[in-house]
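Right, one structure below, let's go through it.
Chains as they are written, first to last, in the numbering used here: chain A, 6 to 495; chain B, 677 to 771.
In structure tokens, the structure reads:
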């Protein structure tokens, strides 16, 4: 057998069930590969190798019991090594959200999404790098140094779930959890050539997710294909009494068998094929839409007229919510403290010294948008325009089943390319953040390469709670194409 | 719209952030550019548009009011930079 880390999640699961391989072997193969490759990638902020080996041993016991009674249900992820974005709490293990202000923090509890993966028998290898508090599109804003793109180490992996995307693309794990507030699962999935699902708002519990923008945050997953991602989504989705924003709608296993797309109406919005988009990105996405049409789908031009307002709306609402959520980092209950004479000076010194530049920028922007005299002009107006963006999607979904568009205007850009120009970086999210504002799900997956052999991603969006339809459509495409099987030159 | 340095200092104080003079100057420039970009929202007529605070129907789910185990004091204090074993320690608040 070739390297175990080259197996798909589902093939590895078959091997575990048959007994041909053990979870311990898979886990050691991943840990070995991480030891060899991660010094150059820096996908991980912390390894949880001891925990992983204990979990692998427990999974091997569970698998051997299952082989004696194979009619019992067994999750596909039992014994499968995964990675977890460092914005999700894992009890007793370092959890920093990529911030120096949480250096040394070990949470006393585990996020529900992580717990559900652990309960399914998945093996947690470590915590992956992220832009500080998930604020960024390149993982360059991490307080612990950037992650490098496995396809070209001089380029960013996207962000903020750049560590998770690089780990999946680099075969360091079989799947990873991420979070998506404005594109943070989908854009790094596109930049690294993997498949990433941002579920509907409320579909996956956010208990134990370090909060950024609470009306936008969602927990999602990344894997090498829709088929590998489907069981991960099924495990983490569903109601959680510990998160009052988690919907109670039931979640069924995603059935990928016999997928056909006959009559599927795919909307193609003019507003997402704009000037400034890299021509190879547009060409690859349009070719992928043709593949969907050959599979029986029908492409229908649509309009989402308020798309160009999504960026300013997002960059008022998300920072406003962030300024409130990040007030808790006060140097009193967790994280390091900068000693000072009085309490006020301690707040000022601790937060001024330990938050990074982008986090401070967004806290300032949000504080301003919420401050007396400016609230109505900025925050309240942004919430009203958000309604128009949400209404655009609702109107579109009366005529189409899914919407197809690029994930990002370009492929992965060089580390340092956006320097100290925040607006240029914000434009990276122009195609992903409308879905967060509307609360709808999106899936990103590879549909080609540019001339520098960097992956090109495409996005499908669907109505609220349509994750199964997105996974099925993506799987149908991946059954006809091989982009998702290409490996980076590590 | 250009923010003044005094406005930047006021926001930083509200946000409990100590900024260096270089940071104040840089944030003045960058935040002004971002707010300029956001100004396009003012041109949208939203007189009859309700705001969206959340995309979900708002409701307050209830559960039976029964005591359940929570975190121990030791767990809660374990990450504190300073504690006396029962409480968080902070600098004096009152003179």
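Positions of the beta carbon are idealized from the N, C-alpha and C atoms, including for glycine. Computed from a predicted model, the values in this text were never measured in an experiment.
When you compare each of the options to residue i by their alpha carbons, which one comes out closest?
i                     : options                       : result
residue 58 (chain A)  : A:49, A:70 and A:35           : A:35
residue 26 (chain A)  : A:439, A:158 and A:62         : A:62
residue 769 (chain B) : A:389, A:134, A:285 and A:345 : A:345
residue 192 (chain A) : A:438, A:444 and A:477        : A:438
residue 354 (chain A) : A:373, A:334, A:363 and A:367 : A:334
residue 149 (chain A) : A:50, A:457 and A:424         : A:50
residue 68 (chain A)  : A:477, A:53, A:18 and A:415   : A:18
residue 754 (chain B) : A:304, A:98, A:229 and A:253  : A:98
residue 310 (chain A) : A:279, A:301 and A:295        : A:279
residue 53 (chain A)  : A:87, A:66 and A:42           : A:87
residue 391 (chain A) : A:321, A:436, A:447 and A:465 : A:321
residue 716 (chain B) : A:81, A:460, A:382 and A:462  : A:382
residue 718 (chain B) : A:301, A:153 and A:385        : A:385
Thinking C-beta only, is residue j closer than 7 Å to residue i?
i                     : j                     : result
residue 249 (chain A) : residue 697 (chain B) : no
residue 766 (chain B) : residue 348 (chain A) : yes
residue 420 (chain A) : residue 161 (chain A) : yes
residue 224 (chain A) : residue 214 (chain A) : yes
residue 90 (chain A)  : residue 220 (chain A) : no
residue 388 (chain A) : residue 730 (chain B) : no
residue 358 (chain A) : residue 343 (chain A) : yes
residue 146 (chain A) : residue 363 (chain A) : yes
residue 394 (chain A) : residue 442 (chain A) : yes
residue 55 (chain A)  : residue 270 (chain A) : no
residue 207 (chain A) : residue 273 (chain A) : no
residue 433 (chain A) : residue 413 (chain A) : yes
residue 325 (chain A) : residue 374 (chain A) : yes
residue 479 (chain A) : residue 454 (chain A) : no
residue 700 (chain B) : residue 684 (chain B) : yes
residue 448 (chain A) : residue 475 (chain A) : yes
residue 178 (chain A) : residue 130 (chain A) : yes
For residue i and chain A, any beta-carbon pair shorter than 7 Å?
i                     : result
residue 730 (chain B) : yes
residue 756 (chain B) : yes
residue 678 (chain B) : no
residue 738 (chain B) : no
residue 767 (chain B) : yes
residue 743 (chain B) : no
residue 733 (chain B) : no
residue 764 (chain B) : yes
residue 690 (chain B) : yes
residue 681 (chain B) : no
residue 761 (chain B) : no
Taking 7 Å as the CB-CB limit, is residue i close to chain B?
i                     : result
residue 364 (chain A) : no
residue 9 (chain A)   : no
residue 217 (chain A) : no
residue 255 (chain A) : no
residue 370 (chain A) : yes
residue 19 (chain A)  : no
residue 277 (chain A) : no
residue 339 (chain A) : yes
residue 177 (chain A) : no
residue 99 (chain A)  : no
residue 220 (chain A) : yes
residue 321 (chain A) : yes
residue 249 (chain A) : yes
residue 212 (chain A) : no
residue 148 (chain A) : no
residue 378 (chain A) : no
residue 207 (chain A) : yes
residue 334 (chain A) : no
residue 482 (chain A) : no
residue 317 (chain A) : yes
residue 6 (chain A)   : Residue confidence for residue 6 (chain A) is low, a pLDDT of 46 falling below 50, so the modelled location carries little weight; the figure read from the coordinates is stated next. Not one chain B Cβ lies under 7 Å of residue 6 (chain A).
Residues of the stretch 692 to 723 of chain B whose Cβ lies closer than 7 Å to any Cβ of chain A, in chain order: 692, 693, 694, 695, 703, 706, 707, 709, 710, 713, 714, 716, 717, 718, 720 and 722
Residues of the stretch 342 to 357 of chain A whose Cβ lies closer than 7 Å to any Cβ of chain B, in chain order: 342, 345, 346, 347, 348, 351, 352, 353, 354, 356 and 357
Contact residues within the stretch 101 to 131 of chain A, judged by C-beta distance below 7 Å to chain B: 110, 111 and 113
Contact set between the stretch 380 to 396 of chain A and chain B, restricted to residues whose Cβ is under 8 Å from the partner: 382, 383, 385, 386, 387, 388, 389, 390, 391, 392, 393 and 395
Residues within the stretch 410 to 436 of chain A neighbouring chain B, beta-carbon criterion of under 7 Å: Of all residues in the stretch 410 to 436 of chain A, 427 and 428 have a Cβ within less than 7 Å of some Cβ in chain B.
Entirely enclosed alpha helix (DSSP H) segments - the stretch 185 to 243 of chain A, minimum 4 residues: 191 to 197 and 231 to 241
In chain order, each beta strand (DSSP E) run of at least 3 residues that lies wholly inside the stretch 74 to 133 of chain A: For the stretch 74 to 133 of chain A, whole beta strand (DSSP E) runs of length 3 or above, ordered along the chain, are 86 to 90 and 128 to 133.
Runs of alpha helix (DSSP H) lying entirely within the stretch 381 to 427 of chain A, each at least 4 residues, in chain order: 386 to 401
Whole beta strand (DSSP E) elements within the stretch 252 to 334 of chain A, 3-residue minimum: 270 to 274 and 303 to 307
Interfacial residues, the stretch 440 to 458 of chain A to chain B, with Cβ spacing under 9 Å: Flagged, chain order: 442, 443, 444 and 445.
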